[in-house]
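K.L.:
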Amino acid sequence: MGLRDILTGRSSVKQPASRERLFALSTAYVTLETSYQITSAGVAGIVVQSLATSDFQSVLKDTEDVVKATAGEYKATVETTDDEFGFRWVIVRNPSVEDLVATINAVSTSIEEGGYGERLLCAVFAFKAADNSTLNFIYNYKRGSWYPFVPAPGDKQRSTERELQLKAQIGSELPIEPELERWFPLWGVPF
Amino acid sequence: MVTSKRSAFGRDSGLQARMVLTMFLLGLLYVALVGALLATSTSALLIVIIAVGLFGVQIVGSDKIALATLGAHEVSAADEPELHSIIERLCIQADLPKPRIAVIEARMPNACALGRSQKAATICATRGLLSLGLEPAELEGVLAHEITHVINRDVMVMTIASFFATIAALIIRFAFFFGAFGGGGRDEGAEAIEVVILVSVVVYAISFVLLRALSRYREFAADRGSAILTGRPSALASALIKISGTIERIPRNDLRTAEGMSAFFIIPARAKNSLMNVFADHPPLEKRLAALSRLEAQLQGTGR
């Protein structure tokens, strides 16, 4: 945001970053699995800000149709749900992380091509640790960066220690968000 | 590269032009003040030094002073999960680091944004706002308005814009303190001081009106920014109607301390202050609703 935008108070919403960084998860997963016994939970979701316009809804409908049609190729299942804050989740299930990443990318590409790239928030990939606890890697579309999100027992608690360990373990392979105050939690993930 | 088909959504070059013009006029006014100070070379330098000091305190500490005055206390995600969740999602969308989140224990429904920079920002909501029973989308609209104040660095812009007005006000006060008007000895020094005071009074009076105008433009820009950020102009409109309706019904007994900071709230703390629109720091509700309904029409593809 430049000085001119500050002075004039002009707003715009940022478009998604280059999508190559999304695919970094496919290679990073090999390390996660072999070195740290972290396995995919076989599910990922993409969070989209839902607009109540007919144009946006038809773009979203087209996206779902396209992805459902191609999902068969990857043996993936696709469903959508709305959360309490009015955000649309497109949830993809597939045992292969590579196919999950490819399908999530197909969803975001289709929404971008529909002209609503700025409404993409993030994608959440769920994993299981060796002790069967859940951990997530979240991809921030605006910044093209990843961060770990590990819910802890208790109400709205997260294990920052575990998250920082994960950053140290996988930071060389996955572009991790450098600013900790941008590691936004996502509560109530619908999967 | 795919471009957004809504890239034109929310542009208002008229508003931006008015804002730039207002800032230009303010700048012009301040050049006149500085010119008068330099031309007379009185002890005005001392006043400027004091003013710069005050300015520093204002920039660094205004948020803490304001938070303490308002009786705001920071809340954790466990205390206010909905507030945190909505702000976190807005921060992802706005590409902002997470601000501090505070609650003011007052029945008056209102919200404000404080802090000099994006990194040192605090978003405040009153208890009255949280218990008003707004839909999540409406609360989101209000919070996105405050987030836009943070994005636009409105606290910084308004503090800098009012810097010389503060100097002018100080000069006027100092003048009375030193009794510059009194005394019979009419030498050259006294005349020079009188010129400075006269210029200061004029600068203060005009900049007061201009600053209020600038504040109103920044409010329009924040409404617009909220609509662009959430994609739901009508949710903010609905929230503004509910909030202002409640403010008028609640006797103004608890947010009175906030009157001096009215410019930073989403709805002015003084409910009925529209003696004259030029002195108001917020635009009238009808105008804000009209601007939001134009945005909704643009969004739906039915507007201009």
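Heads up: the sequence lines are chains F and W, in that order. Letter by letter, the first sequence follows residues 1 to 191 in the numbering used here. Letter by letter, the second sequence follows residues 192 to 495 in the numbering used here. Where a beta carbon is used, it is the ideal one built from N, C-alpha and C, also for glycine.
#1: If you draw a straight line from the alpha carbon of Thr160(F) to that of Pro151(F), how long is it in whole angstroms?
#2: Going along chain F in order, which residues have a C-beta closer than 9 Å to the C-beta of Gln514(W)?
#3: Buried or exposed: where does Glu477(W) fall if 16 or more other Cβ atoms within 10 Å of its Cβ makes it buried?
#4: Kindly indicate which residue of Glu265(W), Val394(W), Ser353(W) has the alpha-carbon position closest to the one of Ala223(W).
#5: Rounded to the nearest angstrom, what separates Ala396(W) and Ser110(F) at their Cα positions?
#6: Which partner residues of Phe127(F) appear in the DSSP bridge assignment?
#7: If the cut-off is 7 Å on Cβ atoms, which residues from the region 128–159 of chain F count as contacting chain W, listed in chain order?
#8: Evaluate Val348(W) with the Cβ neighbour count: other Cβ atoms within 10 Å of its Cβ, from every protein chain shown; 16 or more gives buried, anything less gives exposed.
#9: Residues in the same chain with beta-carbon distance under 8 Å from Val225(W), minus the five sequence neighbours each way, listed in chain order, please.
#10: From the DSSP secondary-structure annotation, give me the bridge partner or partners of Cys303(W).
#11: Put Gly45(F) into one of helix, strand or coil per three-state DSSP.
#12: Once the 5 residues before and after Tyr36(F) are set aside, which same chain residues still bring their CB inside 7 Å of it?
#13: Taking CB distances under 8 Å as the criterion, tell me whether Ile6(F) reaches chain W.
#14: Do Glu118(F) and the ligand MN come close, with the Cβ less than 7 Å from some heavy atom?
#15: What are the complete alpha helix (DSSP H) segments, minimum 4 residues, inside the region 225–287 of chain W?
#16: Taking Pro185(F) as the query, report the chain W residues whose CB atoms sit under 9 Å from its CB, ordered along the chain.
#17: Round the Cβ separation of Val211(W) and Thr8(F) to the nearest angstrom and send it over; I've been treating them as touching at under 8 Å.
#18: What does the Cβ neighbour count give for Thr80(F), buried or exposed, with the cut at 16 atoms within 10 Å?
#19: Using a Cβ-Cβ cut-off of 7 Å (strictly less than) and excluding sequence neighbours within five positions of Glu20(F), which residues of its own chain qualify?
#20: If we count the other Cβ atoms within 10 Å of its Cβ and call it buried at 16 or more, is Thr134(F) buried or exposed?
#21: Skipping 5 residues on each side, what residues in its chain have a beta carbon closer than 6 Å to that of Asn136(F)?
#22: For Pro152(W), decide whether its Cβ has a neighbour in chain F, counting only Cβ atoms nearer than 8 Å.
#23: Ordered along the chain, which non-local residues of its own chain (more than five positions away) have a Cβ less than 6 Å from that of Asn464(W)?
#24: Which parts of the region 314–368 of chain W are runs of the alpha helix (DSSP H), unbroken and 4 residues or longer, counting only runs that do not cross its ends?
#25: Determine, for Met210(W), whether the minimum Cβ-Cβ distance to residues of chain F falls below 8 Å.
#26: Identify each residue in the region 84–100 of chain F for which the Cβ-Cβ distance to at least one residue of chain B is less than 8 Å, and report them in chain order.
#27: Is the beta carbon of Ile342(W) closer than 8 Å to that of Gly416(W)?
#28: Could you name the residues of chain W that Ser11(F) contacts, counting a contact when the two beta carbons are closer than 8 Å?
#29: Let me make sure I understand the geometry here. Which of Ala76(F), Asp83(F), Ser26(F), Cys122(F) has the alpha-carbon closest to that of Trp183(F)?
#30: By DSSP's criteria, Leu151(F) is part of a beta bridge. Which residues make up the other side?
#31: Would you say Ala297(W) and Thr317(W) are within 8 Å of each other, going by their C-beta atoms?
#32: Can you confirm whether the region 51–67 of chain F touches the region 24–31 of chain F when touching is taken to mean that 3 or more C-beta pairs between the two stretches lie within less than 8 Å?
#33: Mind checking if Leu164(F) is an interface residue toward chain W, Cβ cutoff 8 Å exclusive?
#34: Determine whether the Cβ of Thr53(F) lies closer than 8 Å to any Cβ atom of chain W.
#35: Whole angstroms is fine: what's the gap from Gln15(F)'s alpha carbon to Glu177(F)'s?
#36: Beta-carbon of Glu181(F) versus every beta-carbon of chain W: anything under 8 Å?
P.N.:
Looking at the coordinates:
#1: Computed Cα separation, rounded: 9 Å.
#2: Outside the displayed range of chain W (192 to 495) lies residue 514(W), so it cannot be described from this structure.
#3: Of the other Cβ atoms in all chains shown, fewer than 16 fall within 10 Å of the Cβ of Glu477(W); this residue is therefore exposed.
#4: Of the listed residues, the one whose Cα sits closest to Ala223(W) is Val394(W).
#5: Each residue's alpha carbon lies about 56 Å from the other.
#6: Beta-bridge pairing links Phe127(F) to Ser40(F), Leu135(F).
#7: Those residues of the region 128–159 of chain F that come within reach of chain W (Cβ to Cβ, closer than 7 Å) are Asn140, Lys142, Arg143, Asp155, Lys156.
#8: When all chains shown are included, Val348(W) counts as buried.
#9: Here Val225(W) has Phe355 as same chain residues with Cβ atoms under 8 Å from its own Cβ, once five neighbours each way along the sequence are excluded.
#10: DSSP output for Cys303(W) lists Cys315(W), Phe456(W) as bridge partner(s).
#11: Note: Gly45(F) maps to strand in three-state DSSP.
#12: Excluding sequence neighbours, Tyr36(F) sits near Gln169.
#13: Yes - at least one Cβ of chain W is within 8 Å of the one on Ile6(F).
#14: By its list of ligands, the structure shown contains no ligand whatsoever, and the ligand MN lies outside what it can speak to.
#15: Restricting attention to alpha helix (DSSP H) runs no shorter than 4 residues, the region 225–287 of chain W encloses them at 235–261, 272–285, ordered along the chain.
#16: Chain-ordered, the chain W residues with CB closer than 9 Å to the CB of Pro185(F) read Ala268, His275, Ser276, Glu279.
#17: At roughly 6 Å, the Cβ-Cβ gap stays under 8 Å, so Val211(W) and Thr8(F) are in contact.
#18: So Thr80(F) counts as buried.
#19: Taken in chain order, the list of residues that qualify is empty.
#20: So Thr134(F) ends up on the exposed side.
#21: Closer than 6 Å at the Cβ level, and outside the excluded window around Asn136(F), lie Val124, Ala126, Phe149.
#22: Outside the modelled stretch of chain W, which goes from 192 to 495, sits residue 152(W), for which no answer is possible.
#23: The predicted position of Asn464(W) is uncertain, since its pLDDT is 45 and thus under 50; no value can be drawn from it.
#24: Counting only runs of 4 or more, we get 318–321, 327–342, 345–352, 354–368.
#25: Yes, its Cβ sits closer than 8 Å to a Cβ of chain F.
#26: No chain B is present in this structure, whose protein chains are F and W.
#27: Result yes, Cβ atoms of Gly416(W) and Ile342(W) sit closer than 8 Å.
#28: In chain order: Gly201, Thr339, Ile342, Asn343, Ala412, Arg415, Gly416, Ile419, Leu420.
#29: Cα-wise, what sits closest to Trp183(F) is Cys122(F).
#30: Correcting the residue type first, residue 151(F) is Pro in the shown sequence and not Leu. Per DSSP, Arg158(F).
#31: By the CB criterion at 8 Å, Ala297(W) and Thr317(W) fall inside the cutoff.
#32: No, the region 24–31 of chain F does not touch the region 51–67 of chain F.
#33: Not one chain W Cβ lies under 8 Å of Leu164(F).
#34: Yes, Thr53(F) counts as interfacial toward chain W.
#35: When the Cα atoms are used, Gln15(F) and Glu177(F) turn out to be separated by approximately 17 Å.
#36: Yes, contact with chain W.
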